[in-house]
Amino acid sequence: GASPHFYEFTPRQLAGLSGTETIFAIGYGLDDWVLKAAEAIEGVGIVVVDNGIELRENAEDEHGDEEEHEEDEHGDEEEHEEHGPINPHYWLHFGNARAIADTVAEELSRIDSANAETYRANAEAYKAVLLAEEQLLKERIVLLTTKDLLTFHDSWYYFADNFGLNIVGTFEPSAGREPTPRYLSDLRDKVREHGVSVIFSEPQYSNAAFTPFVNDNNLGFAVLDPIGGTNEIPSFVELMRYNVNTALEALK
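Position 45, counted from 1, in the sequence shown is what the numbering used here calls 59; the numbers after and before it change by one each time, with no gaps.
What follows is the structure in structure tokens.
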């Protein structure tokens, strides 16, 4: 339930990871906290699971303009975590999730070759589950008359690509970077141009930062979850189902 941008292991958690051989990571600045685990665990390897995935470069408006970069040079760098040129939220796409399943299965097969057939068979079975769920959700979301999204964070571009949605803007220019007045003015124009009536927040972040913008523009808000891992959303399939259902309900 914690934000991956600011998560830190406790000493007890690190001790509990003793003996770990492999860490599977998203990479591209999203989960650099795993590097601390790698430093503390002798012989552990990190496998970034992006094999076979078309990565999306951050658009210019996701990073903000030159003026915003100049302003942030005077701020506290620790408060302004950024991904870099690649948007790392690629797991929020069913096609990419199937590629990740293959990557994990192949790595486990390499480590434990005696059980390679089992790992690969399990991956194929899981990919079939993912495909079936994707088709069901696409059948539902295609019925929407409006498909424009305004999001708090830049997590949802792969998700939008997967389901034919359009992100008109994000409240944060990039992860942890506060928007400037000029950025917010441009965002307000996009909201009006597209007739947007709702902003999608995330449970890992406080709503306080964008509450004035919401009030000034008479927006409602709904909560999309990019991570899950809670009692309510314990699996990837349930995570994607929750997010599609949330988007459907809000955009109606």
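For each residue, glycine too, the CB sits at the ideal point set by N, CA and C.
Of the residues the options, the one placed nearest residue i, counting alpha carbons only
| i | options | result |
| --- | --- | --- |
| Gly155 | Ala261, Pro195, Leu145, Leu253 | Inspection of the sequence shows that residue 155 is occupied by Ile rather than by Gly. The candidate whose alpha carbon is nearest that of Ile155 is Ala261. |
| Leu69 | Ala146, Asp46, His103 | His103 |
| Gly209 | Glu71, Asp116, Val182 | Val182 |
| Glu147 | Asp162, Phe250, Gly98, Ser188 | Phe250 |
| Leu233 | Phe214, Ser220, Tyr197, Pro248 | Phe214 |
| Arg124 | Thr36, Tyr197, Val48 | Thr36 |
| Phe20 | Gln27, Leu44, Leu31, Ser32 | Leu44 |
| Asn12 | Pro99, Gln27, Ala119 | With the chain covering 15 to 266 only, the question about residue 12 has no answer from this structure. |
| Ser211 | Glu246, Asn259, Thr160, Asn136 | Thr160 |
| Ala51 | Glu246, Asn72, Tyr42, Arg26 | Arg26 |
8 Å Cβ cutoff met for residue i and residue j
| i | j | result |
| --- | --- | --- |
| Val61 | Ala39 | yes |
| Phe224 | Phe173 | no |
| Leu238 | Asn221 | no |
| Ile55 | Thr24 | no |
| Pro240 | Leu106 | yes |
| Ile67 | Asn101 | no |
Residue i - partner residues in DSSP beta bridges
| i | result |
| --- | --- |
| Val62 | Ala39 |
| Leu157 | Its beta-bridge partners do not exist; DSSP assigns none. |
| Gly183 | Leu164 |
| Phe23 | In the DSSP output, where bridge partners are listed per residue, Phe23 has none listed. |
| Glu71 | Ile100 |
| Ser169 | In DSSP, Ser169 forms no bridge with anything. |
| Ser215 | Val237 |
Cβ neighbours of residue i in the same chain (closer than 8 Å, five flanking residues each side left out)
| i | result |
| --- | --- |
| Glu263 | Ala236 |
| Gly57 | Glu35 |
| Asn136 | Ala119 |
| Leu49 | Ile60 |
Cβ-based neighbour list, residue i, same chain, cut-off 7 Å, excluding 5 preceding and 5 following
| i | result |
| --- | --- |
| Asn231 | Arg202, Val205 |
| Glu22 | Trp47 |
| Phe227 | Phe185, Leu198 |
| Glu131 | none |
| Ala139 | none |
6 Å Cβ shell around residue i - same chain, five flanking residues per side excluded
| i | result |
| --- | --- |
| Asp46 | none |
| Val63 | Phe38, Ile114, Thr117 |
| Ser17 | Gln218 |
| Leu253 | Gly242, Ile247 |
| Glu192 | none |
| Glu76 | Because the pLDDT at Glu76 is just 42, under 50, the model does not fix this residue reliably, and the point stays unresolved. |
Supposed close pair residue i, residue j - CB separation, criterion 8 Å
| i | j | result |
| --- | --- | --- |
| Tyr133 | Leu145 | Contact doesn't hold; Cβ gap of about 19 Å is too wide. |
| Asp162 | Asn180 | 5 Å |
| Ser188 | Asp168 | 6 Å |
| Lys152 | Arg112 | Their Cβ separation, rounded to whole angstroms, is 15 Å, which puts Lys152 and Arg112 out of contact at 8 Å. |
| Leu265 | Leu158 | 5 Å |
| Gly98 | Tyr171 | Gly98 to Tyr171, Cβ: 15 Å. No contact. |
| Glu216 | Phe177 | About 17 Å; that fails the 8 Å criterion. |
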